[in-house]
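Chemist: I am attaching a structure below and will ask some questions about it afterwards.
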Amino acid sequence: MNASLRAFASGMESAARSVTEGVHDDGVFIAPLFRLPRERDGVPACPTLSAFKARLLQAYNRGLLELATCQRAEDVNPLVVAASAVRSRRTTFHLVQRWSRRTMFAALDDVVGALSPKAYAAAKDFARKVHEDEKRREGRPRLLTLPLDAFAARVQAVVNESSHDALIVELFRELDDRGEVTGLGLSAFKARLRGAHRTGLLTLHAWQVKDGVENPAMQASVVGHEGMTLHLVCRTAVPLPIPWGRPAPLLVPVPRWIEASQGRMMNE
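According to my numbering, the sequence shown is numbered sequentially starting from 1.
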């Protein structure tokens with residue numbers, strides 16, 4: 001029975017990774033997955049959807065695969081969501097995850113085991129950096145995961161924190177200090193800036209005399225676009241808000257001799 005259940009779970013994970021219908025986020029809806037051919041990779045299919053769901057729950061409870069809840073259903077057929085629902089204790093699942101933690105950990109163990117000592121040390125250092133970046137990000141997403149418009153909006157917000165246009169390499173270092181460029185090298189960062197500039201989401205311009213003397217940072221910031229050499233990301237024209245509001249009017253103390261004279265006039 002255990003071997004059969006393990007084979008079922010493995011077959012469902014494999015099917016979830018290969019199908020194109022019913023894919024949502026990192027999983028596949030249960031109902032479309034049930035409509036696969038009666039037998040796949042030697043694993044007998046369940047006769048009914050209810051039996052299929054019960055089998056999935058068995059595999060889930062034994063840690064053989066992972067189920068997930070559909071968090072956002074705006075762009076999903078509600079009939080598919082309803083047909084895929086399966087209740088377990090206080091949670092309602094709708095999806096079979098395409099990659100379970102067990103499968104990913106096993107794959108990672110195989111990769112790490114094949115590394116040379118030097119490559120293993122480099123991988124360990126990178127994993128440490130990823131962990132440190134995650135703490136510095138304070139919940140903000142990595143730029144690598146953002147679509148181009150959201151990427152441009154985040155970059156523009158950081159540039160606008162300054163009082164002048166940002167040199168690209170210095171902007172990259174600032175975002176790196178905030179842990180937001182994990183997995184994104186300087187060349188890939190420049191490529192995304194070029195794409196945002198091309199589509200009008202950001203404005204880049206070339207280094208000019210008024211920007212100061214040339215330096216190595218300027219050379220490292222070069223982005224080529226349509227025959228031009230660009231170095232800086234422009235601030236927007238919107239002034240920064242004053243965080244404490246408008247200053248209160250200045251109160252000038254009245255000299256004592258004026259107070260005394262005013263007092264005498266009132267007594268008369």
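Even glycine gets a Cβ: it sits at the ideal position worked out from N, Cα and C. Quick caveat, the model's predicted, so the values are computed rather than measured.
(1) Less than 9 Å between the C-beta atoms of V96 and L144, yes or no?
(2) Quick check: the stretch 146 to 159 against the stretch 114 to 122, are at least 3 beta-carbon pairs closer than 8 Å?
(3) Under three-state DSSP, which class holds T145?
(4) Assuming contact is defined by CB atoms lying nearer than 9 Å, are V270 and A220 in contact in what I supplied?
(5) Using only the heavy atoms of the ligand PLP, determine whether one of them is closer than 8 Å to the beta carbon of V158.
(6) Give the straight-line distance between the Cα atoms of S88 and L65, rounded to the nearest whole angstrom.
(7) On the CB-based measure, 16 or more other CB atoms within 10 Å of its CB, does G113 come out buried or exposed?
(8) Going by beta-carbon coordinates alone, are R137 and R154 separated by less than 9 Å?
(9) Kindly identify the DSSP beta-bridge partner or partners of S84.
(10) In the structure shown, what three-state DSSP assignment does H131 receive?
(11) For L108 and S162, I'd like the C-alpha separation in whole angstroms.
(12) Can the beta-carbon of H94 be found closer than 9 Å to that of F29?
(13) Could you tell me the alpha carbon to alpha carbon distance between T203 and L184, rounded to whole angstroms?
(14) List the endpoints of the continuous beta strand (DSSP E) containing Q97.
(15) Report all residues from its chain with a CB closer than 7 Å to the CB of V222; omit the five preceding and five following residues, and keep chain order.
(16) Using the C-alpha atoms, what's the distance from Y60 back to A9?
(17) Exposed or buried, K124, counting other C-beta atoms within 10 Å across all chains shown (16 or more means buried)?
(18) Given a cut-off of 9 Å on the beta-carbon distance, is the pair R194 and G224 in contact?
(19) Alpha carbon to alpha carbon, how far is V19 from L36?
(20) Give me, in chain order, the residues of the same chain whose beta-carbon lies closer than 6 Å to that of A315; leave out the 5 immediate sequence neighbours on both sides.
(21) Here's the rule: buried if 16 or more other CB atoms are within 10 angstroms of the residue's CB, otherwise exposed. What is G11?
(22) Between which residues of its own chain and A278 is the CB-CB distance below 6 Å, once the five residues before and five after are set aside?
(23) Given a threshold of 16 other Cβ atoms within 10 Å of its Cβ, counted over all protein chains shown, does L79 qualify as buried or as exposed?
(24) From which residue to which residue does the beta strand (DSSP E) around L202 run?
Modeler: Quick answer:
(1) Indexing the sequence shown from 1 puts residue 96 at position 96. Indexing the sequence shown from 1 puts residue 144 at position 144. Cβ distance not < 9 Å, so V96 and L144 don't count as in contact.
(2) no
(3) The residue you call residue 145 lines up with position 145 of the sequence shown. Correct three-state label for T145: helix.
(4) There is simply no residue 270 to check, as the chain begins at 1 and stops at 268 in what is shown.
(5) Among the components modelled here there is no ligand, and therefore nothing to report on the ligand PLP.
(6) Walking along the sequence shown from the start, residue 88 turns up at place 88. Walking along the sequence shown from the start, residue 65 turns up at place 65. So the alpha carbons of these two residues sit roughly 14 Å apart.
(7) Locating residue 113 in the sequence shown gives position 113, where the first residue counts as 1. So G113 ends up on the exposed side.
(8) As a working note, residue 137 is residue 137 in the sequence shown. As a working note, residue 154 is residue 154 in the sequence shown. Taking 9 Å as the Cβ cut-off, R137 and R154 do not qualify as a contacting pair.
(9) Looking up residue 84 in the sequence shown gives position 84. Beta-bridge analysis with DSSP links S84 to no other residue.
(10) The count along the sequence shown starts at 1 and reaches residue 131 at position 131. For H131, the three-state secondary structure derived from DSSP is helix.
(11) Along the sequence shown, one-based indexing puts residue 108 at 108. Along the sequence shown, one-based indexing puts residue 162 at 162. Straight across, the Cα-Cα distance linking L108 with S162 is about 42 Å.
(12) Within the sequence shown, numbered from 1, the residue matching residue 94 stands at position 94. Within the sequence shown, numbered from 1, the residue matching residue 29 stands at position 29. In contact: H94 and F29 (Cβ atoms closer than 9 Å).
(13) Within the sequence shown, residue 203 is the residue found at index 203, counting from 1. Within the sequence shown, residue 184 is the residue found at index 184, counting from 1. Roughly 21 Å between the two C-alpha positions.
(14) Taking the first residue of the sequence shown as position 1, residue 97 is located at position 97. Its beta strand (DSSP E) spans residues L95 to Q97.
(15) Residue numbering aside, residue 222 sits at position 222 when the sequence shown is read from its first letter. Excluding residues within five positions, the ones whose Cβ falls inside 7 Å are T229 and H231.
(16) By one-based count along the sequence shown, residue 9 stands at place 9. By one-based count along the sequence shown, residue 60 stands at place 60. Answer to the nearest angstrom: the Cα atoms are 8 Å apart.
(17) Here residue 124 refers to the residue found at position 124 of the sequence shown. Per the 10 Å Cβ criterion, exposed.
(18) Walking along the sequence shown from the start, residue 194 turns up at place 194. Walking along the sequence shown from the start, residue 224 turns up at place 224. Their beta carbons are under 9 Å apart, which means R194 touches G224 by this criterion.
(19) Here residue 19 is taken as the residue at index 19 of the sequence shown, counted from 1. Here residue 36 is taken as the residue at index 36 of the sequence shown, counted from 1. When rounded, the distance between both Cα atoms is 9 Å.
(20) No statement about residue 315 is possible, as the shown extent of the chain runs from 1 to 268 and does not include it.
(21) Position 11 of the sequence shown, counting from 1, holds the residue named residue 11. With 16 or more Cβ atoms within 10 Å of its Cβ, G11 is classed as buried.
(22) Past the boundaries of the shown model lies residue 278; the chain is included only from 1 to 268, so the question cannot be answered.
(23) Taking the first residue of the sequence shown as position 1, residue 79 is located at position 79. Flag for L79 reads exposed.
(24) In the sequence shown, counting from the first residue as 1, residue 202 sits at position 202. Counting along the chain, L202 falls outside any beta strand (DSSP E), and DSSP gives it neither H nor E.
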